[in-house]
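>
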Amino acid sequence: MPSKSGNLSVRTAAGCLVTPSGLAYAATGPEDLVEIAPDGTVVAGHRRPSSEWRLHAAIYAARPEARAVVHTHSPMATALSCARQGIPPFHYMVALAGGPEIRCAAYATFGTQALAEACVAALDGRKAALLANHGVVALGGTLAGAKALAEEVENLARQYLALRAAGLDPVLLTAAEMAEVFEQFGDYGRAG
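For the sequence shown, position 11 matches number 11 in UniProt numbering, and the numbering has no gaps at all.
Here's what the structure looks like:
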């Protein structure tokens with residue numbers, strides 16, 4: 001696993017608390033996190049915020065329900081993003097990302113406002129997206145939820161690429177079948 005690639009954040013009253021730029025995860029402690037305002041101004045912390053702070057700020061501005069954002073360079077999702085392809089509805093769990101497919105955002109250089117805007121566009125109506133030639137981003141109501149979704153996207157990418165590597169064309173679920181999945185997910189995991 002990469003030691004420094006990817007980043008995460010949680011929403012705060014001032015903006016968000018984000019991982020620092022260039023610091024290996026194994027060496028990162030709570031004191032290294034950086035709180036930033038929506039314009040990137042450092043509110044608290046002694047390090048530089050992640051180079052992807054614009055991406056996090058743009059997601060929070062566009063998605064009031066987002067409380068956390070996880071951005072990874074997980075191997076299989078990143079490999080698929082390098083082909084600039086999303087994940088089609090080959091498995092019902094794709095619906096966890098909020099739509100009938102997981103989109104791949106248009107390419108833009110890392111750390112730029114253009115990438116932030118491309119990401120927000122790909123996330124329209126979704127909770128996860130691939131970033132072309134880059135990785136994956138997932139949002140959630142909690143940090144644990146965003147992390148779990150990013151891990152599920154990686155799992156789906158692995159399964160999808162395994163099918164393709166075996167020379168198989170996955171049978172995609174229809175719009176009606178995906179609509180039924182969304183209906184089933186309406187109360188999925190709720191008590192009673």
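In this text, a Cβ means the ideal position worked out from N, Cα and C, and glycines have one as well.
Give the single residue among 185, 67, 87, 51 whose Cα lies nearest to the Cα of residue 15.
Residue 15 has its Cα closest to that of 67, out of 185, 67, 87, 51.
> State whether the segment 119-126 contacts the segment 82-101, with contact taken as three or more CB pairs (one from each stretch) at a distance under 8 Å.
In short, these stretches touch, since the Cβ pair count reaches three.
> Considering just the uninterrupted stretch of the beta strand (DSSP E) at residue 9, what are its terminal residues?
Residues 7-11.
> Locate the alpha helix (DSSP H) running through residue 80, then write down its first and last residues.
Segment 75-82, the alpha helix (DSSP H) holding residue 80.
> Exposed or buried, which one is residue 183 when buried takes at least 16 other CB atoms within 10 Å?
By the neighbour-count rule (16 or more Cβ atoms within 10 Å), residue 183 is not buried but exposed.
> Can you find the residues in the same chain that come closer than 6 Å, C-beta to C-beta, to residue 78, ignoring five residues on each side of it along the sequence?
Same-chain partners within the cutoff: 135.
> In the segment 107-166, which residue ranges form an unbroken beta strand (DSSP E) of at least 3 residues, counting only runs that do not cross its ends?
DSSP runs (the beta strand (DSSP E)) wholly in the segment 107-166: 128-131, 135-140.
> If you check the beta carbons only, do residue 69 and residue 8 fall under 8 Å apart?
Yes, Cβ-Cβ distance for residue 69 and residue 8 is below 8 Å.
> Name the DSSP bridge partner or partners of residue 174?
The partner list for residue 174 (beta bridge, DSSP) is empty, contrary to what the question assumes.
> Taking only three categories from DSSP, how would you classify residue 91?
Looking at residue 91 - three-state DSSP - the assignment turns out to be coil, as it is neither helix nor strand.
> Use the C-beta contact count for residue 192: other C-beta atoms within 10 angstroms, 16 or more gives buried, fewer gives exposed.
In this prediction, residue 192 has a pLDDT of 49, which is less than 50 and means its spatial position is unreliable; what the coordinates show is noted afterwards. The residue in question, residue 192, is exposed, as its Cβ has fewer than 16 Cβ neighbours within 10 Å.
> Cβ atoms of residue 23 and residue 54: under 8 Å apart, would you say?
Cβ atoms of residue 54 and residue 23: not closer than 8 Å.
> Can you give the Cα-Cα distance for residue 51 and residue 164, rounded to whole angstroms?
Taking the straight line from one Cα to the other gives about 33 Å.
> How big is the Cα-Cα spacing for residue 13 and residue 120?
Distance between the alpha carbons of residue 13 and residue 120 is about 21 Å.
> Can you name the start and end residues of the beta strand (DSSP E) that residue 58 belongs to?
Segment 53-62 is the alpha helix (DSSP H) holding residue 58; no beta strand (DSSP E) there.
> Within 8 Å, do at least three Cβ pairs link the segment 26-35 to the segment 76-93?
No, the segment 76-93 does not touch the segment 26-35.
> Inspect the beta-carbon positions of residue 76 and residue 154 and report whether they are closer than 8 Å.
Cβ distance < 8 Å, so residue 76 and residue 154 count as in contact.
> Rounded to whole angstroms, what's the CA-CA distance from residue 19 to residue 181? Just pull it up for me.
Whole-angstrom Cα-Cα distance: 35 Å.
> Might you give, ordered along the chain, the residues of its own chain that have their beta carbon closer than 8 Å to the beta carbon of residue 149, omitting 5 neighbours on each side?
Contacts found: 70, 96, 97, 127, 128, 138, 139, 140.
> Decide if residue 49 is buried, meaning its Cβ has at least 16 other Cβ atoms within 10 Å, or exposed.
Classification for residue 49: buried.
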